[in-house]
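Input: a single structure, listed below in structure tokens.
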Amino acid sequence: MTRKIKVMMVDDEPRFRETTSSLLRRKGFDTTIAGSGEEAINIIKETPHDVVVLDVKMEGMDGHMALAEIKKIAPETQVIMLTGHGSPDSALNSRKLAAFDYLTKPCDIDILAVKINEAYTVRQNGTAKTEKKVKDIMTGIDNYSMVTVNSTIREAVAKLMSSLTELASSSRIREAGHRSILVFDEQKNFVGILSMKDLIKAVRPFYLSLPQSSMTDSIRYSPVFRGGWDGLFSIQMKALADKKVGELVLEAPPRIDENANLMEVADLLFKTQKTRLIVTSGSKATGILREQDLFFEIVNIITR
Numbered sequence: 000m001t002r003k004i005k006v007m008m009v010d011d012e013p014r015f016r017e018t019t020s021s022l023l024r025r026k027g028f029d030t031t032i033a034g035s036g037e038e039a040i041n042i043i044k045e046t047p048h049d050v051v052v053l054d055v056k057m058e059g060m061d062g063h064m065a066l067a068e069i070k071k072i073a074p075e076t077q078v079i080m081l082t083g084h085g086s087p088d089s090a091l092n093s094r095k096l097a098a099f100d101y102l103t104k105p106c107d108i109d110i111l112a113v114k115i116n117e118a119y120t121v122r123q124n125g126t127a128k129t130e131k132k133v134k135d136i137m138t139g140i141d142n143y144s145m146v147t148v149n150s151t152i153r154e155a156v157a158k159l160m161s162s163l164t165e166l167a168s169s170s171r172i173r174e175a176g177h178r179s180i181l182v183f184d185e186q187k188n189f190v191g192i193l194s195m196k197d198l199i200k201a202v203r204p205f206y207l208s209l210p211q212s213s214m215t216d217s218i219r220y221s222p223v224f225r226g227g228w229d230g231l232f233s234i235q236m237k238a239l240a241d242k243k244v245g246e247l248v249l250e251a252p253p254r255i256d257e258n259a260n261l262m263e264v265a266d267l268l269f270k271t272q273k274t275r276l277i278v279t280s281g282s283k284a285t286g287i288l289r290e291q292d293l294f295f296e297i298v299n300i301i302t303r
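So that you can map any letter, position 176 of the sequence shown is 175 in numbering that gives the first Met the number 0, and since no number is skipped, the others follow by simple counting.
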């Protein structure tokens, strides 16, 4: 017979903890209840639990204090914070204290059950310890060519060409993104990415990017006369060459902390529909994580 997942429900609201515990029991969990952080600590000392669902705001020992104590006593026990008073600071603090997740009330019982099962799986498999973090699969910032906002397009193109030539003549396999350049301001703050697509976009006549309007209506027959574009690409590119990089509209990928987990990466890439993320440590950019970096890790996970 499969052992039931042992869950402790900790909340200082009697009705809430009793009801939630009962619902979890119906879903097949072996549940225990505690009305305070202190009571939860005493129970944990006597009886190991797989997962603790812990209220944040309680009289006496609050959820954060209880979380810290639980992790000292039973570091393998996974703790899910559940609160009606959620805040970014509280969530960040919970993460620093190694909580598995941070949910807000009212929480759908099916979602809570899924989270408990996920937490238990992590506990059993030890994947939380072995799974790589963002910093483990990113490409370090030093592997990219860099320019400032005051560099010219000519200088940026020369740097990009230099990195491409270096790669072509080298026996090394580098995962760095050599088809783009990182752009910083004069204070060395990351500004954005200059890519080949940006150069192609910038060289096109401005009117091709205009929204549908009376102005675009006036050039509706121009496609018939595109033979007049002969030589225009060279003229436009030479004019573009001496512009400052900062004059272009640069891509600014979403940011993600270097200690974030891989599910956070997958979620952010999907939600933003971007193919790369800027990796940060505090306010400093430390690397780039591309869609293919995550794919390579998918291959490692599936085939190892």
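In this text, a Cβ means the ideal position worked out from N, Cα and C, and glycines have one as well.
Nearest C-alpha to VAL121 among ILE234, ASN92, THR279, VAL78: VAL78. For VAL148, there is no enclosing beta strand (DSSP E), as DSSP gives it neither H nor E. Between the region 14-30 and the region 104-114, the count of Cβ pairs shorter than 8 Å is three or higher; the stretches touch. Burial check for PHE232: the Cβ neighbour count within 10 Å stays below 16, so the residue is exposed. In the DSSP annotation of this structure, the continuous segment of the beta strand (DSSP E) that includes ASP100 starts and ends at 100-103. Around the beta carbon of SER179, a 10 Å sphere encloses 16 or more other beta carbons of the protein chains shown; the residue is thus reported as buried. Apart from sequence neighbours up to five positions away, the residues of its chain that approach ASN149 with a beta-carbon distance below 8 Å are GLU185, LYS243, VAL244, GLY245, ordered along the chain. Around the beta-carbon of ALA265, fewer than 16 other beta-carbon atoms lie within 10 Å, marking it exposed. Sixteen is the threshold: since fewer than 16 other Cβ atoms of the shown chains lie within 10 Å of the Cβ of PHE205, the residue is exposed. The count of Cβ pairs closer than 8 Å, one atom from the region 44-60 and one from the region 72-88, reaches three, so the stretches are in contact. Here MET137 has GLU257, VAL278, THR285, GLY286, ILE287, LEU288, ASP292 as same chain residues with Cβ atoms under 8 Å from its own Cβ, once five neighbours each way along the sequence are excluded. In this structure, DSSP gives GLU185 a state outside helix and strand, which the three-state scheme calls coil. Counting only residues of its own chain and dropping the five nearest sequence neighbours on each side, VAL190 has a CB closer than 8 Å to the CB of VAL148, VAL182, PHE183, ASP184, GLY245, LEU249, ALA251.
In the structure shown, ARG25 falls within a helical segment according to DSSP collapsed to helix, strand and coil.
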